[in-house]
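Residue numbers (this note's numbering), protein chains in the order written: chain A, 13 to 498; chain B, 13 to 498; chain C, 13 to 498; chain D, 13 to 498.
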C-alpha cells in the first residue's frame with residue numbers, strides 16, 4: 013500500500029477488535045470516542061502531512077528495504093542526515109499538535125534498537141533474528157502502519173530484579189514456549205499512543221542477568237492481539253477531552269497513554285526478535301536509549317515553541333506587546349534550542365553501526381535527558397508568568413458558565429480585554445493545557461529517569477583521563493590515586 | 013458568639029442565599045456539593061483546630077478589640093510575634109489541608125491594609141473610616157466569620173487605566189452615591205475561597221489617579237449580598253473533586269476560586285472604608301502587599317512540606333528508601349525554608365504602624381514574592397522526579413477501571429509494588445494533585461505578579477547609595493553620574 | 013579604656029611582638045607593611061565608626077558586664093534586636109570596606125558559642141569555666157581589643173579522626189598539662205584577620221569522641237604569645253596590595269588570612285574555657301555554627317551591595333545608563349536580600365539560651381549557608397556581565413604602563429570612554445577585585461562547607477512528620493514505612 | 013616550510029622586532045620572559061602535537077590550497093567534519109594547556125569570516141579581495157604561522173557610533189589612502205595571544221553604516237609591523253607567572269591578552285581584504301560570530317575537563333574518594349557537554365557557503381554564547397566546593413614561606429594530608445588558577461557579550477511563526493496581532 017491517507021489510517025483502526033477501555037467502558041471506535049479521538053487526530057496529522065507537497069519530506073523517506081517511500085517513523089536512520097531529519101520531524105510534530113504523537117515514535121525507536129541488536133546477535137550466534145526483523149519491517153513499511161513501542165514493565169519492588177519479585181509477572185515474560193512461537197504474560201505500562209497504534213513493538217524493560225531468560229524477549233504484535241487489553245490512563249484534566257467547548261483548547265491533537273495487559277498472548281516465531289538472550293538485553297536497552305534521548309530534545313523543543321506562541325497570544329490578548337517579555341521569551345527559546353541542540357549534537361558525534369543504523373553518542377544523549385527533565389519546566393513557568401493569573405491555573409469559569417443565560421454575558425464582558433472573551437479564554441486555556449493540563453506529555457520519566465541518565469553519564473565520562481591531564485599540567489606525577497587503591 | 017465549631021461554620025453557610033454557580037448550576041448547599049465541599053472542609057479544619065487544646069494557639073489570639081479570644085485570621089498583627097504566628101499558622105494550614113484556605117487569609121490581610129490606611133486617612137482629613145472599620149471588625153470577630161478578600165479586577169486592556177477603558181466596569185466602581193451608602197458595579201475575579209466565605213472584603217485593585225474617584229472604593233459585604241453572584245472557576249482536574257474514589261486523593265481540603273459579579277450591589281455607609289480618596293489607593297495596595305507577600309512564603313513552604321511527604325510515600329511505595337533521594341529532599345527543604353524564611357525576615361525588619369498594625373519590610377516582602385514565583389516549581393519538579401513516572405502526570409488508569417470486573421484485578425496486581433495498589437495509587441495521585449492537579453494553588457500571580465514585585469524591589473533598593481559606597485572604596489570622586497544627567 | 017580610636021588600635025598593634033610573616037619576611041609593623049596594611053585599615057574603620065556620632069550605634073552597645081558601652085564584636089547578643097544589630101553591622105562593615113573584617117567577627121562568634129557551652133558545662137559538672145569567660149570578656153571589652161577566632165585545623169586525612177591521624181598534631185591539642193595551665197601544639201589555618209588581631213580565641217575544629225580529650229580545648233591567647241607564629245596566606249592577586257597605583261583599587265580595606273602555628277604555646281588556666289570535655293565539643297561547634305551561618309548572610313549581602321555599585325560605575329563609565337541593566341541589578345539585589353533575609357529569619361526564629369545568649373534557628377542558619385555558597389557567585393557573574401570585557405578579568409594594562417612615557421598617553425586615550433581613563437580603570441579594577449581578585453573573601457567554606465550544612469539540614473528537617481501529614485491527607489494509614497523497617 | 017617544530021616557531025618569534033611591553037618594560041624575548049613565556053609555551057604545544065604521530069590529526073589537515081598538510085588553525089572548514097574537528101581541537105587544546113591558546117584560533121576564525129565575505133563581495137562588485145586572501149592564506153599555511161585575530165575596538169562612549177565619537181580613533185580606521193595601500197590608526201584591545209603571534213588579522217569591530225567607510229577595514233599585518241605596539245594586559249594573579257615555585261601551578265601553558273596600538277601603520281594592498289565597503293561589515297561580523305560562538309563551547313568544555321580533574325586531585329589529596337562527589341562531578345560534566353554539544357549542533361545545522369566555508373547555524377551558535385557566559389561559572393564553583401577551603405581562594409602560604417628555614421617545615425607538615433604538602437599545594441593552586449587565578453580566560457565577553465547574543469537570538473527566533481502555530485491549535489483565527497498593529 014505505502015503512505016496511507018488519514019482516512020485510510022482511521023478506517024484501519026476502526027476495523028480492529030475493540031480492546032481499549034477507559035473509565036470501565038470498552039471503546040467501540042477509538043477514532044470517534046471522546047477519550048481517544050484527540051490522540052488519533054494527532055497521529056492522523058502525520059499521515060496528512062505525507063499527502064501534502066509542502067510537508068511530505070518531513071515525514072517520508074526512500075526506503076532501500078522496499079524500494080519505495082516509507083514513513084520516517086518506520087525507517088532506519090542510516091546516517092546523520094537521516095537522524096537530523098527525525099529530530100526535525102519530532103519537533104515539527106509537536107509544533108503541529110502541541111503535544112506528543114508517541115504512538116509512532118517510540119515504536120520506530122524500538123525498531124532501530126533491535127536493528128542493531130539482532131544484527132550483532134546473529135553475527136555472534138548464527139541466529140536469524142535480523143532477517144525476521146527485515147521481513148517484518150518491510151511489511152510494516154508497505155502497510156504504513158502506526159506501531160507504538162512498549163518497554164516499561166510494572167517492575168514491582170524496585171530493589172528486586174524480575175526473578176526476585178514475589179510475582180514473576182511484574183515484568184513481562186514468556187510463560188510457555190511452543191514450536192511455532194511463545195506465549196507471554198505481564199504488562200507494559202504508560203505506553204504512549206497505544207490507542208492510536210495498530211501494532212505494538214515490545215522490548216525488555218531493562219538489562220537482565222543469567223537466569224532471567226524468560227524476561228529477555230522482544231517482539232511485535234497487533235495491538236488487538238488475542239489476550240491483549242489496553243486500559244487508558246488518566247492524566248491531568250483528561251475529562252476535558254471528552255467535553256465540547258473551549259475548555260478543551262486543542263482542536264488538533266492530544267496524547268493518551270495506555271496500560272497494556274498481556275494475558276497469555278501468543279507471538280508467532282516470525283515476530284520474535286529476541287528470545288532468551290539475556291546477554292543482549294543491556295545492548296538492547298542502550299541501543300534504545302541513545303536515539304531516544306537524543307531525539308526527545310526535538311519533541312520538548314517543539315512543545316516549547318508552542319508555549320512561546322501561546323504566551324504571546326495571551327500577552328497580546330491582555331493588550332500587552334510581546335516585546336515587553338523579550339527577556340523571558342529569549343530564555344524560553346534558549347531552553348528549546350538547548351534540548352534540541354544537545355540531541356542534534358549527540359547525533360553528530362554518533363556513528364553508524366555495522367547493521368547500518370546510526371547510533372548517537374551515549375554521553376551527549378544522556379546529558380540531554382537531564383535537560384529534558386528540567387528545562388521544559390522552566391519554559392512552562394515562564395509561559396505562565398507571561399500569560400498572567402487566569403492562565404497560571406486556568407482560573408476562569410467553564411465554557412458552560414460562559415453560555416449561562418443568567419450571568420454568561422457578564423462573564424464574557426469581564427473576560428474580554430484587548431480581544432473578545434472567547435479568544436482570550438482559548439489562549440489562556442491553551443497555556444493551561446500545555447503547562448498544567450492534559451497537554452503535558454510527561455517526558456521527565458518517559459524513556460527512563462534522569463537519575464538513570466546520570467548513571468550513564470558517570471560511566472561514559474572519562475574522569476580518570478581528566479585527572480591525568482590536570483596532574484600533568486600541575487606537575488603532579490603520578491596522578492594522585494583514589495584513596496584505598498594502589 | 014466567638015470561636016465557632018466547624019458545625020456552626022457549616023450551618024451558617026447553609027443559611028446563606030445560594031448564589032454560587034459552577035458548570036451552569038446553582039449550588040444549593042456549598043457544604044455538600046461536590047464542587048465546593050472540599051474547600052469548605054479545608055476551611056472547617058481551622059475552626060476544628062480552634063476547638064482543640066493542642067492546636068488552639070495556632071489559630072486564635074486574644075483580641076483587645078473585643079476583650080476575648082478571636083481568630084488570628086480576623087486579628088490585627090500588632091507586633092513581630094503576632095506576625096510570625098500568622099506565618100506559622102499559614103504554613104500549618106497548608107500542611108493540614110495540602111493546599112490553600114484562602115477564604116480567610118486574604119480577607120484578614122485586606123483588613124490589616126485598611127487598618128493602617130483608614131487610620132492615616134482619618135488623621136489627615138478628619139473622616140471616620142477607622143472607627144467604622146473597628147466596629148465592623150469587632151463584630152466580625154464576635155461572629156467569628158470567614159471573610160475572603162477581593163482585589164483583582166478584570167482590568168480589560170492592561171495598557172489603560174480604569175478611566176481609559178472602553179467599558180468603565182472593567183474595574184469595580186461606584187455607579188451611584190446615596191446618603192446611606194453607595195451602589196457598586198463590576199467584578200472581582202479569581203477570588204480564593206469565595207464559596208467558603210460569609211463576607212467579602214473588597215479593596216481597590218491598584219493605585220489610581222486623579223479623576224478615578226469612583227474606582228477608589230473599599231468595603232465589606234456579605235458574600236450573598238443582593239446583586240452579587242459567584243461563579244466558580246475551573247482549574248486543572250477540577251472535576252475529580254466531584255468524583256468518589258481515589259483519583260481524588262485529598263480527603264481533607266481543596267481550594268476553589270470564584271468570579272464575583274457585582275451587579276449594582278448596595279453597600280451601606282458603615283461598611284465603607286474608602287470612598288473616592290484616590291490618593292490613598294497606592295498606600296492601600298502597598299499596605300496589602302507587604303504582609304501578603306511576607307506571609308505567603310509560609311503557605312508555599314507548608315505545601316512544600318506535603319510535597320516532601322508525598323514524594324517519600326511514593327519512594328517507599330516503590331520499595332526505595334527515602335535516603336536514596338536525600339540530596340533532592342534537602343533541596344526541597346531549602347526551597348521551603350527560603351520562602352518561609354525571607355517572609356519571616358520581612359516581618360523581623362518591619363515596624364509598627366501608628367495604627368498599631370505591624371507592617372513588614374517592603375523590600376524583603378517583594379523579594380519573597382519572586383521566590384514564591386519560582387521555588388515551588390522546582391520543589392514540584394523534584395517531587396515528580398522522586399515519585400517516578402506514574403506520579404509525574406498521574407499516569408494510571410482511573411479508580412473505576414481498578415474496580416472493573418474484567419481487568420480490575422489485573423490492574424491492581426500490576427500497580428502494586430512494595431505496597432498494595434490502592435496505597436500506591438493514593439500516594440501517586442497525591443503527588444499529581446499537588447504538582448499538576450487541582451491542589452496547585454496558583455501563587456505565582458496570586459497577590460500580584462513577580463514583575464510587579466520587581467518594580468517594588470527597584471524602587472526600594474538604594475542603588476545610588478551602593479554606587480556612592482563603591483566609588484568611595486575605589487577613590488572615584490564624585491561618583492560617576494548617570495549619562496545624560498549632571 | 014573602652015572604645016579606642018583607630019590610632020590607639022594601631023598603636024597597640026605596633027607594640028606587639030612581630031610574629032607575622034609573608035613571603036618569608038618577618039613583618040615589623042603590620043599597620044604599615046604593604047602586605048597587611050589594608051587589613052589593618054579595614055578593621056580600623058570600625059574603631060573610627062565607634063567615634064562617630066552617625067555610625068556609633070552600629071558598632072557599640074551597652075554591656076551589662078562592664079556597665080558601660082562596648083564593641084558589638086565583643087558583646088553577647090542577648091535578644092533578637094541585638095542579633096539583628098550584628099547582622100546589620102556586618103552588612104555595613106562590608107559596605108564600608110568592600111570586604112571582610114573577619115579579625116573581629118569570628119572571635120565574637122566564638123565567644124558567643126563558649127558563653128552558652130561553658131554555662132551548660134558548669135551547670136552539669138560544677139566547673140568554673142563560665143566565670144573565667146566572664147572575667148576574660150569583661151577585660152576584653154574594657155581593653156576594646158580585636159580578637160580573631162580560630163577553628164579550622166589542618167585535619168590531615170579527612171577520613172580519619174584526630175586520634176587516628178598518623179601525626180597527632182594535625183589537629184591542635186594539649187601536649188602537656190601543668191597546674192597553672194596547658195601547653196598546646198598544632199595549627200589553626202586560614203584564620204581571617206589574624207594579622208589585625210590582638211588576641212586569638214581558639215575553639216575545637218569539630219566534634220570529638222571519647223579518647224580525644226587532648227583535642228577538646230578552647231582558650232584565648234595573645235596573637236603574639238610565645239611560640240605562636242602567623243604566616244599570611246596568599247590569595248588571588250595579593251601582591252597588588254603591595255603596589256601603589258590604581259591596579260590596587262581598594263583605598264580602604266582588605267582581608268588577609270593567616271596560618272597560626274602553635275609550637276608549644278602555654279595557656280594559663282584563667283584563659284582556658286574547655287579542657288578535655290569531649291562531650292561538649294559537639295555543642296560548641298553547633299553553638300558556633302548557628303549564629304555564624306545566620307550572620308554571614310549580612311556579610312555576603314554587604315559585599316553584594318558593593319558589587320551592584322561597582323557594576324553601575326562601570327556601566328556609566330561606558331556611557332550606558334544603569335537602567336539598561338535593571339533586570340540584572342534586581343537579580344543581584346534579590347541575591348543580597350536572600351542571604352541577608354534568611355539569616356535574619358534564623359535569628360527571628362531563634363531563642364535565648366539560659367546563659368542569656370540568643371541562638372538562631374539551626375535549620376534556617378544552615379539553609380543560609382547553602383545560599384552563601386551559591387548566590388554570591390551569581391552576583392559576581394552579573395557584575396562582570398554588566399561591567400564588560402575589561403572588568404571580567406581586569407584585562408587592562410598595568411598602572412605602570414599607563415604612565416609609560418612611550419605609549420602611556422595612547423593607552424589612556426583608548427581606555428577612556430564616557431569618563432577619563434583613570435576613573436574608568438578604577439571602576440573596572442574594583443569589579444575585578446571584588447569578583448576575581450583579592451577582595452573575594454572565600455565564604456563558601458568559611459565557617460564550614462555547604463555539604464556540612466546540608467547534613468545539619470537533614471538532621472533538623474522533619475521528613476517523617478511531613479510523611480505523616482501527606483499520608484493523612486491521602487488517606488494512607490499507617491504511613492508507609494521505610495523499606496526494611498517495621 | 014609547512015608544519016614547523018616548536019623550536020622553529022620559537023626561533024621565528026625571537027627574530028621579530030621586540031614590540032611587546034608589560035609593566036613598562038620592553039620584552040626582548042617573548043619566549044623566555046616570565047611575563048610571556050607561558051603563553052608561548054602553550055602555543056608551542058600545538059606545534060609539538062603536529063610533530064607527533066598520536067596527535068597529528070587533531071591539529072593538521074590536508075589543504076587544497078597548497079596541496080599539502082596545513083595547520084587546522086589556518087585552514088578553512090569546508091564541511092561539518094572539518095568543523096567538528098576544529099571543535100575537538102579546541103577542547104583538546106584546553107585540556108592540554110588548561111587554558112586558552114587564543115593566538116591561533118581567533119585568527120583562524122577571522123580568516124573564515126573573510127573567506128565568505130570577500131567571495132560575496134567580489135561576486136557583487138567585481139573586486140579582487142578573495143584572490144588576495146587566497147594568496148595570503150596559501151602563504152600563511154606554507155609558513156605555518158601563528159596569526160592572532162583582532163576585532164575589539166576601544167569604542168569610547170557605547171551609545172555612539174564610530175563617526176559620532178569625539179575622537180575618531182576610538183575605533184580603528186584608515187587615516188590615509190595611498191596607491192600601494194592604506195595607513196591605519198587606532199587600537200585593538202584585549203587581543204588574546206598577541207604576544208605569541210607572528211601576524212595579526214584585523215576585522216572591523218562591529219557593523220557600520222553609511223559614512224563610516226574609514227572604519228570598514230580588514231587586513232593582516234605582521235605583529236611587529238612598524239608603528240604597531242603591543243602592551244600586555246594584567247589579569248588576576250598575573251605576576252605569579254613571573255615567579256618560580258609552585259604558586260604558579262601551570263607547568264605548560266597560559267594566556268595573555270594585549271592592547272595593540274596602531275600608530276599610523278601601513279598596510280600594503282595585497283594584505284587588505286575589505287576597504288571601505290560599509291555594507292559588508294555586518295556580514296563580516298556575523299560570519300565571524302557564528303563559527304566563533306559555536307566552537308568556543310569546545311574551549312569552555314576543555315577547561316571544564318581540567319576543572320574536573322583538578323577537583324578530583326584535591327579530593328584525593330584530602331583523603332576523600334572522588335565517588336563522594338559524584339553528583340557534583342556529573343553536573344560539571346553536564347555543563348561541559350552542554351557548551352560543547354550546542355556548539356556541535358550549531359555546526360551540524362549549518363551549511364556550506366558558496367565560497368566553500370562551513371557556516372554554523374546562527375541561532376544555536378548564539379544560544380551557546382549564553383551558556384558559555386554562565387555554565388563555566390557554575391563548573392568553577394563546583395570545583396571550589398569539592399576542593400575545599402584552601403583551594404577556594406588559594407588560601408595557603410606562598411612557596412617562599414614553605415621553604416622558610418624557620419617555619420617552612422612546620423607549614424609543610426600541616427599542609428600535607430593524604431599526600432605530601434608539595435603535591436597537595438600543587439593541586440590546590442591548580443584549582444585556584446583555573447577558577448579565580450590567571451587561568452580564567454575571560455570568555456563571557458570574549459567574542460561579544462551575552463546580551464549581544466540574545467539580540468541575535470531574538471532576531472533569529474520565529475516567534476511570529478510560533479504564535480501562528482499556537483493560534484492554529486487553539487482555534488484562534490487570525491492569530492492575535494501585536495497591539496497597535498493591524
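Even glycine gets a Cβ: it sits at the ideal position worked out from N, Cα and C.
* Asked: Using Cβ-Cβ distances below 7 Å, what residues of the stretch 424-441 of chain D are close to chain A?
  -> 430, 431, 435, 438 and 439
* Grab me the residues of residue 198/C's own chain with a C-beta within less than 7 Å of its C-beta, minus the 5 sequence neighbours each way, in chain order. => 165, 181, 183, 184, 185 and 274
* residue 199/C versus chain D: which residues are under 9 Å apart at the beta carbon? -> 422, 423, 425 and 426
* Applying a beta-carbon distance threshold of less than 7 Å, which residues of chain A neighbour residue 396/B? -> 456
* To do: Find the residues of chain D that neighbour residue 466/A, judging by a C-beta separation of less than 7 Å, and give them in chain order.
  => 342
* Within 7 Å of chain B by C-beta, residues of the stretch 246-273 of chain C in sequence order -> 261, 262, 263 and 264
* **Residues, ordered as in the chain, of the stretch 406-418 of chain D that lie near chain C by beta-carbon distance below 7 Å** => 406, 407, 408, 409, 410, 412, 413 and 416
* To do: Just grab the DSSP bridge partners of residue 297/C for me.
  => Paired residues: none, contrary to the question.
* To do: Could you check what DSSP says for residue 270/B in three-state terms: helix, strand or coil?
  => strand
* What does a CB cutoff of less than 7 Å around residue 290/A pick up in its chain, not counting 5 residues either side in sequence? -> 220, 221, 222, 224, 225 and 228
* Asked: Just how far apart, CA to CA, sit residue 120/B and residue 211/B?
  -> 11 Å
* To do: Quick one: residues in its chain with C-beta nearer than 7 Å to the C-beta of residue 436/B, no 5 flanking neighbours on either side, listed in chain order?
  => 329, 427, 428 and 429
* In terms of alpha-carbon separation, which member of 363/B, 379/B, 487/B and 382/B lies closest to residue 93/C? -> 363/B
* Between residue 478/B and the rest of its own chain, which residues show a CB-CB distance below 8 Å, the 5 nearest in sequence each way excluded? -> none
* Asked: What does residue 338/D reach in chain F if we use C-beta pairs closer than 8 Å?
  -> Checking the listed chains, one finds no chain F in this structure; the protein chains it contains are A, B, C and D.
* **Top-ranked residue by Cα proximity to residue 341/C, from 64/B, 110/B and 468/B** => 468/B
* Starting from the beta carbon of residue 174/A, find every residue of chain D whose beta carbon is closer than 7 Å, and list them in chain order. => Neighbours of residue 174/A on chain D: none; closest Cβ ~27 Å, over 7 Å.
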